[in-house]
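Q: In this note's numbering, the protein residues as written are 5 to 86. For glycine and all other residues, C-beta sits at the position ideal for the given N, C-alpha and C. Because the structure is a prediction, the values reported are computed rather than measured.
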Amino acid sequence: MTPRPDDIAKAREDLKKTLAAAKAKRDKIFEETEKAREAAEAEMWKTVKTELDGAYHGARTDAVEVLGFTRDYILKQTKKYS
5 MTPRPDDIAK AREDLKKTLA AAKAKRDKIF EETEKAREAA EAEMWKTVKT ELDGAYHGAR
65 TDAVEVLGFT RDYILKQTKK YS
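1. How would you call residue 82, buried or exposed, if buried means at least 16 neighbouring beta carbons within 10 angstroms?
2. Rounded to whole angstroms, what's the CA-CA distance from residue 52 to residue 74? Just pull it up for me.
3. Can you give the Cα-Cα distance for residue 36 and residue 24, rounded to whole angstroms?
4. Look at the alpha carbon of residue 19 and the alpha carbon of residue 86, and state the distance between them as a whole number of angstroms.
5. What residue does the alpha helix (DSSP H) around residue 64 start on, and which one ends it?
6. Locate the alpha helix (DSSP H) running through residue 75, then write down its first and last residues.
7. Consult DSSP for residue 8 and reduce its assignment to one of helix, strand or coil.
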């Protein structure tokens, strides 16, 4: 037996509400994750800048080895986040 038209309309509305809520929850989690990622990125590059300012001769070369980024990239990121 096929559902009555008013049952279909209610089912469609329920589906739309449920899917919209699920998408909103996912979007909120993605936004929070991105904010946490950006905060972690900023904290790391501020630490790198602090450690490299006035450090020993060769510290930047050591930083390249440890971080796995080029000297140029490290310089750009420390300027961006300071």
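A: From the atom records:
1. buried
2. 13 Å
3. 18 Å
4. 47 Å
5. 63-71
6. 75-84
7. coil
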